[in-house]
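Each residue of the sequence shown is one higher than the last, beginning at 777 in this note's numbering. Each residue gets a CB set at the ideal place from its N, CA and C atoms; glycine is no exception. The block underneath contains the structure these notes are about, expressed in structure tokens.
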Amino acid sequence: MDTSFMDFSYFTIMFMVALIAGFINVVSGGGGFLSIGALLISGLPPANALATNKLQALGSSLTSGIYFLRQGHINVQQHKYVFLSAFAGSAVGTTLIQFIEPELLKKLLPVLIIAVAIYFIFAPNLSEPKKRQKVSLFLFSLVCGVGVGFYDGFLGPGAGSFYTLCYILMWGYSIDKAQIHSNFINLASNIASIMFFIAGGKMIWSLGLVMFVGQSLGARLGATVVLTRGKKVIRPMIVIVSICISAKMLLDMYQ
777 MDTSFMDFSY FTIMFMVALI AGFINVVSGG GGFLSIGALL ISGLPPANAL ATNKLQALGS
837 SLTSGIYFLR QGHINVQQHK YVFLSAFAGS AVGTTLIQFI EPELLKKLLP VLIIAVAIYF
897 IFAPNLSEPK KRQKVSLFLF SLVCGVGVGF YDGFLGPGAG SFYTLCYILM WGYSIDKAQI
957 HSNFINLASN IASIMFFIAG GKMIWSLGLV MFVGQSLGAR LGATVVLTRG KKVIRPMIVI
1017 VSICISAKML LDMYQ
């Protein structure tokens, strides 16, 4: 692959893209759509763009996960099976995407993301926790862990919003608590994807590591926002990002 276009200005631009994407990832999810779009527009082949995107995305999930853990907002013991399930689902999804073109999912995805936006627009009392969990740990791990994890490994855009929605609808979490745990589970699916993309030999390490640093800085800022202003910021961010992702995907399909 020709990498002659990757000069200092290119790395600077991609660093800034990653910084913004890292902030979005932690606050609402969906930053991956910005970063993968930038990688593809810059001329990378799709397989290289997907692999490099997962490496740089690890910056946000790792930084935010460590931050939320140190602040005492995540009970690892309670969520370890969800974490492992997301890892397994993502591993399968990442393996399949290297052999299968996801045309059907690409057509269905804008509808799903618009549905997420509509839910967050009209659902009441998202800032307050519900009284009880609606499903068992096993079912939650199957749907949120394996299901969303598979999607994150297979395609990815909006996975953070899907994790957050699962926590709200199925376990009754408030929106800020759901977003905190979404970042933690997203760490599992990112790690699995990176491992299996490395095996495929598609990673561009220099670019991925530069963007990793940008994602880490953006994520640290985003994590602070979630803890200090989460209830006010997360909901509108999810709506805006979901609408933008859906509009861009629909335009791409009908151009």
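*State buried or exposed for residue 978, treating a residue as buried only when at least 16 other CB atoms are found within 10 Å of its CB.*
The residue given as residue 978 occupies position 202 in the sequence shown. Residue 978 is buried by the Cβ-count criterion.
*Going by CA-CA distance only, name the one from 857, 828, 930 and 892 that's closest to residue 870.*
Taking the first residue of the sequence shown as 1, we reach residue 870 at position 94. The option with the nearest alpha carbon to residue 870 is 930.
*Cα-Cα separation between residue 994 and residue 1009, rounded to whole angstroms*: For the purposes of this step, residue 994 is taken as the residue at position 218 of the sequence shown. For the purposes of this step, residue 1009 is taken as the residue at position 233 of the sequence shown. Approximately 16 angstroms between the Cα atoms of the pair.
_Three-way DSSP call (helix, strand, coil) for residue 820 in this model_ = What you label residue 820 is simply residue 44 of the sequence shown in a count that begins at 1. Residue 820 falls in the coil class under three-state DSSP.
*Using the rule of at least 16 other Cβ atoms within 10 Å of the residue's Cβ for burial, across every protein chain shown, is residue 865 buried or exposed?*
The sequence position of residue 865 within the sequence shown is 89, counting from 1. Label assigned to residue 865: buried.
*To the nearest whole angstrom, what separates the beta carbons of residue 859 and residue 964, a pair I think is in contact under 8 angstroms?*
By 1-based counting over the sequence shown, the position of residue 859 is 83. By 1-based counting over the sequence shown, the position of residue 964 is 188. Right, the Cβ-Cβ distance comes to about 5 angstroms (below 8 angstroms), so this counts as a contact.
*Just confirm the distance between the C-beta atoms of residue 790 and residue 983, as a whole number of angstroms; I'd bet it's less than 8 angstroms.*
Within the sequence shown, residue 790 is the residue found at index 14, counting from 1. Within the sequence shown, residue 983 is the residue found at index 207, counting from 1. Indeed they touch by this definition, with Cβ atoms about 6 angstroms apart.
*Same chain only: Cβ atoms within 6 angstroms of residue 809, ignoring 5 sequence neighbours per side*: Reading the sequence shown from its first residue, position 33 is the one you call residue 809. Answer for residue 809: 933 and 1021, listed in chain order.
*Tell me, to the nearest whole angstrom, how far the beta carbon of residue 961 is from that of residue 939; I am working on the premise that it is less than 8 angstroms.*
Walking along the sequence shown from the start, residue 961 turns up at place 185. Walking along the sequence shown from the start, residue 939 turns up at place 163. Between the beta-carbon of residue 961 and that of residue 939 there is about 5 angstroms, and that keeps the pair under the 8 angstroms contact cut.
*Could you tell me how far apart the beta carbons of residue 1015 and residue 898 are, in whole angstroms, since I believe they sit closer than 8 angstroms?*
Here residue 1015 refers to the residue found at position 239 when the sequence shown is read from its first residue. Here residue 898 refers to the residue found at position 122 when the sequence shown is read from its first residue. That pair is no contact at about 10 angstroms.
*asked:* Within 10 Å of its beta-carbon, does residue 783 have 16 or more other beta-carbons around it, so buried, or fewer, so exposed?
replied: For the purposes of this step, residue 783 is taken as the residue at position 7 of the sequence shown. Classification of residue 783: exposed, given that the 10 Å Cβ count is below 16.
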